[in-house]
Amino acid sequence: QLQLVESGGGVVQAGGSLRISCVASTSIFSSDIMGWYRQAPGKERELVASISRGGNTNYADSVKGRATISRDNAKNTVYLQMNSLKPEDTGVYYCNAQRAVPPYRYWGQGTQVTVSS
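In the numbering used here, each number is its position in the sequence shown, counted from 1, plus 884.
Right, here's the structure in full:
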């Protein structure tokens, strides 16, 4: 079973930057897509960014131009760099790994990001 461990969250002032990491217990190359989701209090979990095995990226409109997702296959690690942070970026950020065949979908335990105004 694939395990995902996030780190790097914390409290940052609005306008600041943060990089969070997700380390997988096995090769992330086996996953079709690696993604970052976030969940704010009282809201549903939403996709922030994703990256495919081939390196194609996808971003939520709310973070386009401010976020960069990247992967280091050798380190089994996915990163999310976020700049120009806003209070509305506050939430628990979850790492996700998914594959179509055979299918699986795994989540990390989450890391809290708090942006103070």
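Glycine included, every Cβ here is placed at the ideal spot set by N, Cα and C.
* Asked: Buried or exposed: which applies to ASP973, given that a residue is buried once 16 or more other Cβ atoms fall within 10 Å of its Cβ?
  -> Walking along the sequence shown from the start, residue 973 turns up at place 89. With 16 or more other Cβ atoms within 10 Å, it is buried.
* **Run of the beta strand (DSSP E) containing ASP916, from where it starts to where it stops** => Locating residue 916 in the sequence shown gives position 32, counting from the first residue. Neither: ASP916 is in no beta strand (DSSP E) and is coded neither H nor E.
* Asked: Among SER911, SER1001, CYS906, which has the Cα closest to the Cα of ARG983?
  -> Residue 983 sits at position 99 when you count from the first residue of the sequence shown. If you compare the alpha carbons of SER911, SER1001, CYS906 with that of ARG983, the shortest gap goes to SER911.
* Identity of the residues DSSP links to VAL896 by a beta bridge -> Your numbering for residue 896 matches position 12 in the sequence shown. Paired residue(s): VAL999.
* Cα-Cα, which of ALA958, TYR988, ASN980, GLY892 is closest to ALA933? -> Within the sequence shown, the letter at position 49 stands for residue 933. Selected option, being the one with the closest Cα: ASN980.
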